[in-house]
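Residue 6 is where the sequence shown starts when you use my numbering, and the numbers rise one by one after that.
Beta carbons: idealized from backbone N, C-alpha and C, even for Gly.
Here the structure comes first, spelled out in structure tokens, and everything after it is commentary.
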Amino acid sequence: MHGLSVPSINLSFELSKALLDLSVRDRIYYLQEKLQEIISSRGEDKLFLYHIEILFEPSLESNPMSLLEKFSRMKTLLVQWPGEYDGQFLMYGTDGSRDYTKYKYSAEMVLINP
């Protein structure tokens, strides 16, 4: 699927399963815990995360980049960015939409164009 010899996680699928039985309020509260469980459950020190769109769900009130940075301290995360990159910023969603986010590219990030 991705051509890497690294275990992969369909994050939207796994995280939605983990949050499914929780109320909307509890999903916000338990998001980080469930995400940590998913990432920690894989014994490898590197993981490829794809379909991360759930992190941008407005009802979860999360900061996707902060979450990815936090969990990248535990393991090396290779993340398939679901948005755009313009040479300076990583963007997700459409400008003006509820899920629109924009992050300044930093030296800690490595971008690989498919």
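> Nearest-angstrom Cα distance between L20 and S46?
Replying inline: In this structure, the straight-line span from the alpha carbon of L20 to that of S46 is close to 13 angstroms.
> Going by C-alpha distance, which of P63, Q37, T81, D31 is nearest F53?
Replying inline: For the residues P63, Q37, T81, D31, the minimum Cα distance to F53 belongs to T81.
>> Measuring straight from C-alpha to C-alpha, what distance separates E49 and N68?
In response: One C-alpha to the other measures close to 25 angstroms.
> I57 and L95: beta carbons closer than 7 angstroms?
Replying inline: In this structure, L95 does not lie closer than 7 angstroms to I57 by Cβ.
>> Taking 7 angstroms as the threshold (C-beta atoms), are Y108 and M79 in contact?
In response: With contacts defined by Cβ atoms closer than 7 angstroms, M79 and Y108 do not form a contacting pair.
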